[in-house]
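Residue numbers for the sequence shown follow the numbering used here, beginning at 1404 and rising by one.
For every residue, glycine included, the Cβ atom is placed at its ideal position computed from N, Cα and C.
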Amino acid sequence: MQLKRLKLTDFRNYAQATIDLFSGVHIFYGKNGAGKTNILEAVYYLALTKSFRTAQDRHLIRYHQQMFRVEGDLINDQGQAFHCAIAYALQQGKRLTVNGQRIERFTEYIGEIPVVLLHPADLMLSQGGPANRRRFLDVLLCQSSRIYLHHLAQYNRALKQRNQLLQSEAVDGATLEAWDVQLAEHGAELMQRRQAALQELSETVASLYAELSQSPAKVKLVYRSSVPGGGEASPKEAFLAGLSGHRAADLQLGYTSLGPHRDDVLFLINGKPFRTYASQGEHKTLIVALKLAEYQFLKKHVARQPILLFDDLFGELDAQRIAQMLTYLEKIGQVLVTTTSRNFFDKVNLNQLPVHSYRVAQGTVQLEATLHE
Ligand SMILES: Nc1ncnc2c1ncn2[C@@H]1O[C@H](COP(=O)(O)OP(=O)(O)OP(=O)(O)O)[C@@H](O)[C@H]1O
Ligand SMILES: [Mg+2]
């Protein structure tokens, strides 16, 4: 997938901006607050119809305006050109079009433009709480499977209803049971699909980690479910049994205390948790391996080359790790990188990849130079 042109209207600090893109590496450099991350946010939004920084679309509207628009001209891996646009207005909400045709269901669209984002908060994947890891799996699986996206939406809907019911004055047992069935049906799908994806990711991450670190350390990713596995015939039945077993506790708590929304992923190094044992450098190597694995997973499962979005890597990673990462992405498609230091890539051997640099200042973006082309 290649983004040829990105157009922003009243998005964050951009009144209007048109950015032409090519293949290879794109470096957006500029001072703090210039609008670099906003560009990556716009591409991510175009792909996932959501931001990675806020759950509220209205935050993306330029101050004092009523709406924003993000548009992209793209070419898919078969060479077909298409145009995507997402507009959000305070009054009308979100509107998505592809080649001028309105798309009502976003689930039919998400995954069309696969993206992999690496940003400073990703260090929280191995160091922070479980919500970070669930989100990682959800974003990956939503991009690679429409069915997953469907089950996730249904699961979240049922979970919300069940929690509301748990908090109500008089809880009707039959209604609660009906929600349990809904949760179990969709939740079991989520857990199975996450487990399968994780098994695949774990193998890729382990071999990438060994190569990147040049060490014999054994890395493993393990799905840790909050649902106790009994002798039940299926994951759905196990979840259903768990829900009924936790019913009294859930009524006390006022929320659903087990299910995929409470599951976690363990990152292990030589059998011990990263979170408690790994060094700072080991965490960074793990994140690089994980992101490369995410890229390979998406590429394989959506059969399209993802667009890479690297935000402010240099704050987190050293030149050597970045160079390693780019070298691993053989036949790299498109990478968009932000940095405050224009010369950073001077230290990185990019294997003659084309490099385009853009100066970002106060909501303007200017292509300055192209190397190796
Ligand atoms: N809705 C909005 N309307 C107008 N400006 C906004 C809006 N939301 C954020 N901004 C501004 O956009 C500016 C640029 O944000 P961005 O995160 O892209 O900066 P950056 O170039 O990535 O900076 P840094 O190097 O510090 O990460 C910030 O100054 C912020 O105040
Ligand atoms: Mg930034």
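Close beta carbons around residue i, own chain, < 6 Å, minus the five adjacent residues each side
i, result
"residue 1623", "1605 and 1671"
"residue 1486", "1476 and 1502"
"residue 1432", "1742 and 1745"
"residue 1646", "1583"
"residue 1529", "1670, 1677, 1686 and 1689"
"residue 1740", "1430 and 1713"
"residue 1601", "1624 and 1626"
"residue 1764", "1433 and 1437"
Classification of residue i by the beta-carbon crowding that lies within 10 angstroms, buried from 16 upward
i, result
"residue 1489", "buried"
"residue 1523", "exposed"
"residue 1496", "exposed"
"residue 1680", "exposed"
"residue 1418", "exposed"
"residue 1618", "exposed"
"residue 1547", "buried"
"residue 1474", "buried"
"residue 1653", "buried"
"residue 1773", "exposed"
"residue 1415", "buried"
"residue 1659", "buried"
"residue 1575", "exposed"
"residue 1421", "exposed"
"residue 1534", "exposed"
"residue 1438", "buried"
"residue 1789", "Only positions 1404 to 1776 of the chain appear in the structure, and residue 1789 is not among them; the question remains open."
"residue 1450", "buried"
"residue 1610", "exposed"
"residue 1481", "exposed"
"residue 1505", "exposed"
"residue 1628", "buried"
"residue 1427", "buried"
Residues near residue i by beta carbon distance below 7 Å, same chain, minus five either side
i, result
"residue 1608", "1622, 1624, 1692, 1693 and 1696"
"residue 1456", "1444"
"residue 1424", "1406, 1407, 1408, 1409 and 1737"
"residue 1412", "1419, 1471 and 1472"
"residue 1469", "1492 and 1493"
"residue 1478", "1405, 1407 and 1484"
Contact set for residue i: own chain, Cβ-Cβ below 8 Å, skip 5 residues either direction
i, result
"residue 1556", "1510"
"residue 1638", "1591, 1594, 1595 and 1630"
"residue 1526", "1686, 1687, 1690 and 1719"
"residue 1586", "1558, 1561, 1562, 1565, 1642, 1646, 1659 and 1662"
"residue 1514", "1545, 1546, 1547, 1548, 1549, 1552 and 1705"
"residue 1657", "1566, 1569 and 1570"
"residue 1603", "1700"
"residue 1761", "1422, 1429, 1430, 1431, 1432, 1768, 1769, 1770 and 1771"
Secondary structure of residue i, DSSP reduced to three states
i, result
"residue 1517", "coil"
"residue 1648", "helix"
"residue 1612", "helix"
"residue 1638", "helix"
"residue 1484", "strand"
"residue 1438", "coil"
"residue 1742", "strand"
"residue 1778", "Shown here, the chain extends from 1404 to 1776; a query on residue 1778 therefore has no answer."
"residue 1425", "coil"
"residue 1707", "coil"
"residue 1794", "Residue 1794 lies beyond the residue range present for the chain, which begins at 1404 and ends at 1776; the question has no answer from this structure."
"residue 1689", "helix"
"residue 1474", "strand"
"residue 1448", "helix"
"residue 1574", "coil"
"residue 1698", "helix"
"residue 1762", "strand"
"residue 1533", "helix"
"residue 1492", "strand"
"residue 1620", "coil"
"residue 1676", "strand"
"residue 1552", "helix"
"residue 1539", "helix"
"residue 1453", "coil"
"residue 1588", "helix"
"residue 1558", "helix"
"residue 1725", "helix"
Neighbour flag for residue i against chain B, beta carbons, 8 Å
i, result
"residue 1484", "Absent from the structure: chain B. Only one protein chain is present."
Exercise for review: Would you be able to state if there are at least three C-beta pairs under 8 Å between the segment 1652 to 1668 and the segment 1584 to 1599?
Suggested key: Under the three-pair Cβ rule at 8 Å, the segment 1584 to 1599 counts as touching the segment 1652 to 1668.
Point to revise | Environment of ligand 2 in chain order, Cβ to heavy atom below 7 Å | key: Those residues are 1439, 1440, 1714, 1715 and 1741, given in chain order.
Point to revise | Three CB pairs or more closer than 8 Å across the segment 1442 to 1451 and the segment 1706 to 1717 | key: Contact holds: three or more Cβ-Cβ distances are below 8 Å.
Point to revise | the segment 1699 to 1709 contacting the segment 1513 to 1521, beta-carbon criterion three pairs below 8 Å | key: Touching, per the Cβ criterion.
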